[in-house]
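In my numbering, the protein residues as written are 1 to 133.
Every residue, glycine too, gets a C-beta built ideally from N, C-alpha and C.
From a predicted model like this one, the values you see are computed outputs, not experimental measurements.
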Amino acid sequence: MYQVAPQHAHRVGIIDDDDAVRDAIHVLLETRGFQVSEYGSAQDYLRGPQDDCILLVDLAMSELGGLDLAEILRTGGVETPIILMTDVPRPGQAQRISAAFRCTALPKPVDSRSLLATIASCVCEMACSRTNA
Ligand SMILES: [Zn+2]
């Protein structure tokens, strides 16, 4: 059954082990009306309530990488949209990454215009059932 997404500020979870990257994206998204939560590692995210509408995940993190996290979530039946920030040099590889675990690849360094456009396209495709308290 199709459900209309409730009108709320979507919460974007930023999962990156680089503080500076998280800070910069946090500020950008907050000024655009999103709610933001930050996680310094994939393990941090997995420990939490996992109630973000969209995930923005660094591909290369020290312990558990973005692709590992995507696999864990998808295997567990979690279909939260995942945007993988990749610094993969070969274009074909990014497409394979996104296809494997239904992620969207976003090349690093991330520029604000493509980030916002990518988030906007994820928001259009998803039926977010989360409600703000
Ligand atoms: Zn939402």
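- Burial is judged here by how many other beta carbons sit within 10 angstroms of a residue's own beta carbon; G48 has fewer than 16 and is exposed.
- Note on G33: under 16 other CB atoms within 10 angstroms of its CB, so exposed under the neighbour-count rule.
- For C124, the uninterrupted alpha helix (DSSP H) run begins and ends at S112 to E125, by DSSP.
- Under the 10 Å beta carbon count, T86 is surrounded by 16 or more other beta carbons and is classified as buried.
- Burial state of C53 is buried, judged by a 10 Å Cβ sphere holding 16 or more other Cβ atoms.
- Between C103 and L115, the gap from beta carbon to beta carbon reaches 8 angstroms or more.
- Under a 10 Å Cβ-count criterion, V57 is classified as buried, with 16 or more other Cβ atoms of the shown protein chains found around its own Cβ.
- Boundaries of the alpha helix (DSSP H) harbouring G66: G66 to T75, taken from the DSSP string.
- Not one heavy atom of ligand 1 falls within 7 angstroms of the beta-carbon of H26.
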